[in-house]
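Convert by adding 2 to the 1-based position in the sequence shown; the result is the number in the working numbering.
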Amino acid sequence: MKKVMLKTTLSLAVTLASTQLFASGFAINEQSISGMGTGFAGRSSSADDASTIYGNPAGMARIKREQVTGGAAMLDAHTNISKARSSPNSGSNDGDMVPFIAVPMGYYVKPIDDKWAVGVGVYAPFGLVTDYEHGFAGRYFGSTSDVKVVTLQPTVSYAFNDKVSIGFGPTINRIDGKLESNLSITQAAPDGQVKIKGDDTALGYNIGILAQLTDSTRVGLTYHSKVKYKLEGNTKVNYGVLGLIGQNPSQKYDASLDLTTPESVDFSLTHQIDDKWTVYAGSTWTRWSRLKEITVENKGVPAVLNGQFGSITEEQNWHDTWAHAIGASYQLNKEWVLRTGLSFDQAPTNNVDRSPRIPTGDRKIFSLGAGWSPTDDLTIDVAYSYLREESVKVANSNDRGQTYDAKYQNYANGFGVGATYRF
Numbered sequence: 003m004k005k006v007m008l009k010t011t012l013s014l015a016v017t018l019a020s021t022q023l024f025a026s027g028f029a030i031n032e033q034s035i036s037g038m039g040t041g042f043a044g045r046s047s048s049a050d051d052a053s054t055i056y057g058n059p060a061g062m063a064r065i066k067r068e069q070v071t072g073g074a075a076m077l078d079a080h081t082n083i084s085k086a087r088s089s090p091n092s093g094s095n096d097g098d099m100v101p102f103i104a105v106p107m108g109y110y111v112k113p114i115d116d117k118w119a120v121g122v123g124v125y126a127p128f129g130l131v132t133d134y135e136h137g138f139a140g141r142y143f144g145s146t147s148d149v150k151v152v153t154l155q156p157t158v159s160y161a162f163n164d165k166v167s168i169g170f171g172p173t174i175n176r177i178d179g180k181l182e183s184n185l186s187i188t189q190a191a192p193d194g195q196v197k198i199k200g201d202d203t204a205l206g207y208n209i210g211i212l213a214q215l216t217d218s219t220r221v222g223l224t225y226h227s228k229v230k231y232k233l234e235g236n237t238k239v240n241y242g243v244l245g246l247i248g249q250n251p252s253q254k255y256d257a258s259l260d261l262t263t264p265e266s267v268d269f270s271l272t273h274q275i276d277d278k279w280t281v282y283a284g285s286t287w288t289r290w291s292r293l294k295e296i297t298v299e300n301k302g303v304p305a306v307l308n309g310q311f312g313s314i315t316e317e318q319n320w321h322d323t324w325a326h327a328i329g330a331s332y333q334l335n336k337e338w339v340l341r342t343g344l345s346f347d348q349a350p351t352n353n354v355d356r357s358p359r360i361p362t363g364d365r366k367i368f369s370l371g372a373g374w375s376p377t378d379d380l381t382i383d384v385a386y387s388y389l390r391e392e393s394v395k396v397a398n399s400n401d402r403g404q405t406y407d408a409k410y411q412n413y414a415n416g417f418g419v420g421a422t423y424r425f
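This is how it looks when you write it as structure tokens:
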């Protein structure tokens with residue numbers, strides 16, 4: 003029973019299906035459309051536009067004109083579910099659980115003088131929308147999820163000289179989520195349902211350093227801090243048949259969950275070969291091993307049910323991950339630059355604890371992009387990415403004898419469009 007309720011309570015930390023976005027676990031990569039075109043290979047060293055506020059705040063020192071950058075990445079995701087088995091109840095396995103979604107972003111940078119620059123960014127570091135079909139065979143282990151994290155980052159950078167700069171930005175992070183799952187008390191009774199909501203605001207920070215090693219080679223290092231949340235919300239439960247034993251079949255409990263999103267370190271290199279070609283390489287380490295278990299506290303649970311629903315813990319045992327990327331850009335002429343990239347991203351999950359909410363595996367991502375500058379003041383960026391994951395197994399069970407086993411194969415197409423305007 004513990005596994006059913008935790009999956010349907012406030013487990014916001016682990017509800018991100020891998021097809022959601024182009025990063026492992028429940029992270030989002032799409033904070034820059036220009037970076038998307040190179041597979042984010044030069045995330046912390048390129049500093050091409052104001053989106054460097056996220057990629058590396060030290061990169062603001064390279065921006066010589068006041069500018070605003072904005073855009074959105076759209077995702078069309080698909081999942082093939084095969085070899086599915088569920089017991090004792092059956093159901094469908096369509097796999098069309100991810101709607102077409104958009105991830106917006108916006109940044110502003112203003113140089114103060116030759117040393118100082120200030121800016122602000124709004125972006126989404128984490129997020130989810132999944133909605134399985136009615137009657138999904140794994141509905142007791144997750145049916146609907148909608149989680150959003152929005153970050154506001156005021157930022158400052160300082161250039162020691164024309165070679166080395168640093169940047170720092172505190173982050174104000176807002177998380178909101180709602181989750182739904184089915185609940186079966188007995189095989190003879192109709193399904194109940196669990197609906198939960200939770201939110202919190204917490205602080206973190208990003209810090210980076212950028213160094214121009216030679217006239218053609220630049221390296222960057224960025225640290226994104228962990229963020230500690232205490233989500234507060236409620237759990238609405240329709241127990242159905244439990245009303246026969248003297249309990250109201252519909253209950254609402256106060257619920258809370260302590261959640262820490264992991265820190266990450268990104269290192270990348272940008273090397274300009276000549277006036278036409280620039281190459282990029284980068285690696286990102288993320289400390290997903292922080293997610294060992296999830297504990298949900300529900301208050302006000304009747305004594306007869308407190309042992310099952312009062313405090314629930316579920317093992318996750320995620321592990322740290324590495325992501326690697328290489329990319330290149332070609333300056334076709336004054337107006338057009340073409341981009342491409344290839345990324346390899348590890349998944350933090352394991353075969354024991356993986357669920358329908360997080361059917362994630364290691365993935366490969368191929369990217370294409372272009373930037374068009376019709377004037378010196380305006381650049382329009384577009385990008386396309388294709389993601390394909392390795393196939394993974396989901397094997398879930400609970401104390402009621404319910405099980406769900408399946409093989410998941412995820413793939414997705416990503417589209418990005420953005421613009422930078424210089425004042």
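Here a beta-carbon is modelled for each residue, glycine too, at the ideal position from N, C-alpha and C.
Everything numeric in this text was worked out from a predicted model, so none of it was measured.
Self-check item: Coil, strand or helix - residue 54 by DSSP
Solution: Here residue 54 sits in helix by DSSP.
Quiz item: DSSP beta-bridge partners for residue 412?
Solution: Residue pairing for residue 412: DSSP places it in a beta bridge opposite 81.
Practice problem: Could you tell me how far apart the beta carbons of residue 78 and residue 102 are, in whole angstroms, since I believe they sit closer than 8 Å? | Solution: Sure, about 6 Å apart at Cβ, within 8 Å.
Quiz item: Which of helix, strand or coil does DSSP assign to residue 59?
Solution: Here residue 59 sits in helix by DSSP.
Exercise. Look at the alpha carbon of residue 149 and the alpha carbon of residue 320, and state the distance between them as a whole number of angstroms.
Key: Each residue's alpha carbon lies about 19 Å from the other.
Practice problem: Figure out for me which residue from 392, 230, 343 and 374 has the closest Cα to the Cα of residue 362. | Solution: Comparing Cα-Cα distances from residue 362 to each of 392, 230, 343 and 374, the minimum goes to 392.
Quiz item: DSSP on residue 332, reduced to helix/strand/coil?
Solution: Residue 332: strand per DSSP, three-state reduction.
Self-check item: 8 Å Cβ cutoff met for residue 120 and residue 157
Solution: It is a contact, given that the beta carbons lie within the stated cut-off.
Practice problem: Excluding the 5 residues preceding and the 5 following residue 203 in the sequence, name in chain order all residues of the same chain whose CB lies nearer than 6 Å to its CB. | Solution: Counting only Cβ-Cβ distances below 6 Å, and skipping sequence neighbours, we find 176.
Practice problem: Take every Cβ of the region 42-60, pair it with every Cβ of the region 109-117, and state whether three or more of those distances are shorter than 8 Å. | Solution: Below 8 Å, enough C-beta pairs join the region 42-60 and the region 109-117 to call them touching: three or more.
Quiz item: Can you find a heavy atom of the ligand COA that lies under 7 Å from the Cβ of residue 179?
Solution: Among the components modelled here there is no ligand, and therefore nothing to report on the ligand COA.
Quiz item: Just how far apart, CA to CA, sit residue 299 and residue 404?
Solution: Taken atom to atom, the span from the alpha-carbon of residue 299 to that of residue 404 is near 23 Å.
Exercise. Figure out for me which residue from 159, 142, 145 and 129 has the closest Cα to the Cα of residue 152.
Key: The candidate whose alpha carbon is nearest that of residue 152 is 129.
Quiz prompt | 6 Å Cβ shell around residue 85 - same chain, five flanking residues per side excluded | solution = 409, listed in sequence order.
Exercise. Could you give the DSSP three-state label for residue 418: helix, strand or coil?
Key: The answer is strand: DSSP assigns residue 418 an E or B state.
Self-check item: Chain-order list of residues whose beta-carbon lies under 7 Å from that of residue 357 (same chain, five-residue window excluded)
Solution: Cβ within range, chain order: 9, 143, 144, 396 and 398.
Quiz prompt | 8 Å Cβ cutoff met for residue 47 and residue 272 | solution = Contact: yes.
Quiz item: Do you know how far the Cα of residue 116 is from the Cα of residue 324?
Solution: Residue 116 has its alpha-carbon roughly 36 Å from the corresponding atom of residue 324.
Quiz item: Where does residue 429 land, buried or exposed, given buried means 16+ other C-beta within 10 angstroms?
Solution: Examination of residue 429 is not possible in this model, given that the chain is present from 3 through 425 alone.
Quiz item: Taking the continuous beta strand (DSSP E) assigned at residue 46, which residues delimit it?
Solution: Taken as a continuous stretch (DSSP letters only), residue 46 belongs to no beta strand (DSSP E), as it is neither H nor E.
Quiz item: Cα separation between residue 407 and residue 294?
Solution: Near 22 Å, if we compare the C-alpha coordinates of residue 294 and residue 407.
Exercise. For residue 28, count neighbouring Cβ atoms within 10 angstroms of its own Cβ and tell me buried if that reaches 16, exposed if not.
Key: For residue 28, the number of other beta carbons within 10 angstroms of its own is at least 16, and it is reported as buried.
Quiz prompt | Beta-carbon contacts of residue 89 that lie in its chain and below 6 Å, excluding the five residues immediately before and after | solution = By the criterion of a C-beta distance shorter than 6 Å, residue 89 is surrounded in its chain by 405, once the five residues flanking it on both sides are discounted.
Quiz prompt | Distance between residue 214 and residue 220 (C-alpha atoms, nearest Å) | solution = Straight through space, the alpha carbons of residue 214 and residue 220 are spaced by roughly 4 Å.
Quiz item: Which parts of the region 196-271 are runs of the beta strand (DSSP E), unbroken and 3 residues or longer, counting only runs that do not cross its ends?
Solution: Whole beta strand (DSSP E) segments, 3+ residues: 219-226, 229-240 and 252-263.
Quiz prompt | Cβ neighbour criterion (16 or more within 10 Å) applied to residue 266 | solution = Buried, because 16 or more other Cβ atoms sit within 10 Å of the Cβ of residue 266.
Quiz item: Near residue 146, which residues of its chain fall below 6 Å by C-beta distance, leaving aside the five closest residues on each side in sequence?
Solution: Result list for residue 146: 133 and 182, in chain order.
Quiz item: Just curious, the beta strand (DSSP E) that residue 285 is in, first and last residue?
Solution: Taken as a continuous stretch (DSSP letters only), the beta strand (DSSP E) holding residue 285 covers 279-288.
Quiz prompt | Own chain partners of residue 349 with C-beta closer than 6 Å, once the 5 adjacent residues on each side are dropped | solution = Cβ within range, chain order: 26, 362, 363 and 364.
Quiz item: Since residue 61 contacts residue 222 with CB under 8 Å, what's their CB separation in whole angstroms?
Solution: The pair is a contact, with the Cβ atoms about 7 Å apart (cut-off 8 Å).
Practice problem: Please look up how many angstroms separate the CB atoms of residue 301 and residue 255, rounded, as I've assumed it's under 8 Å. | Solution: About 6 Å separates the two Cβ atoms, so the contact holds.
Quiz item: Per DSSP, which one or two residues make a beta bridge with residue 326?
Solution: Beta-bridge pairing links residue 326 to 285 and 346.
Self-check item: Span separating the alpha-carbon of residue 264 from that of residue 289
Solution: Spanning the two alpha carbons is a distance of roughly 5 Å.
Quiz item: Given that a residue counts as buried once 16 or more other Cβ atoms are within 10 Å of its Cβ, and exposed if not, what is residue 196?
Solution: By the 10 Å Cβ count, residue 196 comes out buried.
Quiz item: Just curious, the beta strand (DSSP E) that residue 382 is in, first and last residue?
Solution: Taken as a continuous stretch (DSSP letters only), the beta strand (DSSP E) holding residue 382 covers 380-391.
Self-check item: Per-residue burial, residue 276 [other beta carbons within 10 Å of its own, 16 or more giving buried]
Solution: The residue in question, residue 276, is exposed, as its Cβ has fewer than 16 Cβ neighbours within 10 Å.
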